[in-house]
Amino acid sequence: MGISLLAFAVILKFVIVPFATRLPADTDLTVGYEGTATLLDNTALQAGDARAALRTDVPITVDRHVVALSTDGGTAVIQDSLAVKATGAKLPTSSYTYAVDRSTLRGVRGPAGAGVEPAEGALTSAFPISPARDDLYTYYDPVTRTVVPVHYSGTDSRGGRKVNIYRFSAEGPVRNAALLHALPAALPKSLLGTLAPLLPADVVAAFTPTAVAALADPVPLTFTASTDIVAYVDEQTGVAIDQTIAQRVVAHTSLARQDVALLPVMALDFHITQASIRDLAHTASSAGLLLTLVGLVAPLALATLGLLLVVYALVRRSPPVPENGTGDGDQPPRETDSVAAAGEATATEASPSGTTAP
Numbered sequence: 040m041g042i043s044l045l046a047f048a049v050i051l052k053f054v055i056v057p058f059a060t061r062l063p064a065d066t067d068l069t070v071g072y073e074g075t076a077t078l079l080d081n082t083a084l085q086a087g088d089a090r091a092a093l094r095t096d097v098p099i100t101v102d103r104h105v106v107a108l109s110t111d112g113g114t115a116v117i118q119d120s121l122a123v124k125a126t127g128a129k130l131p132t133s134s135y136t137y138a139v140d141r142s143t144l145r146g147v148r149g150p151a152g153a154g155v156e157p158a159e160g161a162l163t164s165a166f167p168i169s170p171a172r173d174d175l176y177t178y179y180d181p182v183t184r185t186v187v188p189v190h191y192s193g194t195d196s197r198g199g200r201k202v203n204i205y206r207f208s209a210e211g212p213v214r215n216a217a218l219l220h221a222l223p224a225a226l227p228k229s230l231l232g233t234l235a236p237l238l239p240a241d242v243v244a245a246f247t248p249t250a251v252a253a254l255a256d257p258v259p260l261t262f263t264a265s266t267d268i269v270a271y272v273d274e275q276t277g278v279a280i281d282q283t284i285a286q287r288v289v290a291h292t293s294l295a296r297q298d299v300a301l302l303p304v305m306a307l308d309f310h311i312t313q314a315s316i317r318d319l320a321h322t323a324s325s326a327g328l329l330l331t332l333v334g335l336v337a338p339l340a341l342a343t344l345g346l347l348l349v350v351y352a353l354v355r356r357s358p359p360v361p362e363n364g365t366g367d368g369d370q371p372p373r374e375t376d377s378v379a380a381a382g383e384a385t386a387t388e389a390s391p392s393g394t395t396a397p
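Okay, so the sequence shown: first residue is 40 according to the numbering used here, each after it adds one.
Structure follows, in C-alpha cells:
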C-alpha cells in the first residue's frame, strides 16, 4: 500500500499534473483595454482640411477576445481578436489564428486548412505556467509577421500578485493582408499639398516641384508598423495581469527612388483596464491555489503517507526483542533442559523432609 501511494504521488506530480494544466479546450477569455489614438481622418483629408485630418489623443477602448477553436491531443487552435473602438472613427478589427502547444504555448504547425499564422516556436497570445525569468522566449508579431526576442526585465506586483516583466518590440513592413486591405493603396497627387502641414520639415523640403512632377498619380503608398509591448505576467500561473501596447502604422512613398516616411495613419497606445486587472488577478489567484494543491500539496501528502506506511510495514516485519536480550524468548524449551528438570524433581521426592532420627 505504501509503495503504491509513493508511485501514485510520482505519477500525479509528473504525469497527471502536466496533463491537467494544459490549455483548456474551453478557453474563452475577454480582456478590456483603454487608451488613446492618433488617427488620420480620410474624410477631412479628402476635403482639404489639414487641421482636422490628423486627430490626436482620441479616447479608445479595446476588447480582446481569446478563444480555443479546437484541440487535438497536445495542440490547440486559438483565435486572438482585437476590436478597437473610437468615437467618430471606424477602425478595423484584427483577428489572428494560431496553432499552439497546449503546455508550452509556443506556436506549432497547424492542422491542414486551419489557416494559422506562421508562429512556430514563438509565443503568440499567452505565457506558459511558471514562466522563465530569462530571455528564453520569442514572440510572433502578426502585423509584420516576424519573430522577435522577448526580454525579461525584473519583477513587480499587480493586483496583489507577484509578476515577471517582459518587454518585446517588432518593426517592419506591414505584411498582414487584412490590415493592408483596410489601408489606402495610393493617394491622389492633389492631396499632397493638403498633407504638407502635417509632414516633418525635412520631408516637405524633399517634395520639390521636380520630384512631385515625377510622381505617379495616384501616388503609391507602402506601410511600416512598429509594436512595443510590456507584459506583467503572474510568476506562478503565466496569466498576463497587466499589459501596455503601443502600435504605429506609418505611410511611406518613393520619392526620387528614395523611401520617404510620410506620417502615421494610425497610432494606438493602450493598457489593460483596472477592472480587467482585478479580474485577471482573481483568475491567477484561483488557478494558483489549484496548482499548489494539485501540483505540490497532494503529491507531498501522498508521498509522506506512503513513506510512513512503508516504514510501519518494515517495523512490523522485524522479530520482537525479548526482555533478557537473548532473542529466544518465544522458543520452546530444549529437550536437554526438560530431562534435567525431570531429574531434579525425582531426587527431591526420594529425600525425607526435615532431619534424620537418631
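Ideal placement from N, C-alpha and C gives every residue a C-beta, glycine not left out.
Keep in mind that this is a model prediction, so the values were computed, not measured.
Of 210, 213, 259, 218, the smallest CA-CA separation from residue 228 is found for 259. Taking residue 283 as the centre and dropping the five residues before and after it, the same chain places the C-beta of 269, 310 closer than 6 angstroms to its C-beta, in chain order. Under the three-state reduction of DSSP, residue 118 is assigned to strand.
Put simply, the segment 103-121 touches the segment 139-155. At least three CB pairs are less than 8 angstroms apart. Less than 8 angstroms separates the beta-carbon of residue 91 from that of residue 80. By the Cβ test, the segment 196-209 is in contact with the segment 166-186, since at least three Cβ pairs between them sit closer than 8 angstroms. When secondary structure is reduced to three states using DSSP, residue 248 falls in the helix class.
Approximately 6 angstroms separates the beta-carbon atoms of residue 218 and residue 182; this is inside 8 angstroms, confirming the contact.
Out of 214, 169, 160, the CA that lies nearest to the CA of residue 188 is found in 160. In terms of CA proximity to residue 98, 126 leads the group 126, 84, 290, 85. In the DSSP assignment, residue 203 falls within the unbroken beta strand (DSSP E) covering 200-212. Cα atoms of residue 236 and residue 131: separation of roughly 27 angstroms, rounded to the nearest angstrom. For residue 110, the uninterrupted beta strand (DSSP E) segment begins and ends at 93-111. With respect to residue 317, residue 198 sits close: the two C-beta atoms are nearer than 8 angstroms. Taking C-beta atoms as the reference points, residue 271 and residue 256 fail to come closer than 8 angstroms.
Residue range 297-311 is occupied by the beta strand (DSSP E) that includes residue 301. Taking C-beta atoms under 8 angstroms as the contact rule, residue 123 and residue 68 fail to qualify, at a distance of about 18 angstroms. Distance between residue 163 and residue 120, taken at the CA atoms: about 12 angstroms. In this chain, the alpha helix (DSSP H) harbouring residue 233 covers 231-234. For residue 85, there is no enclosing beta strand (DSSP E); the residue is part of the alpha helix (DSSP H) that begins and ends at 81-85. Excluding the 5 residues flanking it on each side, residue 238 has same chain C-beta neighbours closer than 7 angstroms at 301, 302, in chain order. If you draw a straight line from the Cα of residue 254 to the Cα of residue 241, it is about 18 angstroms long.
Under a 10 Å Cβ-count criterion, residue 93 is classified as buried, with 16 or more other Cβ atoms of the shown protein chains found around its own Cβ. Within the segment 130-196, the beta strand (DSSP E) runs of at least 3 residues that lie entirely inside it are, in chain order, 133-140, 177-180, 185-188. If you look at residue 285, you'll find it in the beta strand (DSSP E) that goes 279-294. DSSP places residue 62 outside both helix and strand once states are collapsed to three, so it counts as coil.
Going by DSSP, residue 128 is part of no alpha helix (DSSP H) at all; its letter is neither H nor E. CA-CA distance, residue 152 to residue 305, rounds to 32 angstroms. Residues 278, 280 of the same chain have their beta carbon placed closer than 6 angstroms to that of residue 319, with the five preceding and five following residues left out of the count. Between the C-alpha atoms of residue 291 and residue 61 there is a straight-line separation of about 44 angstroms.
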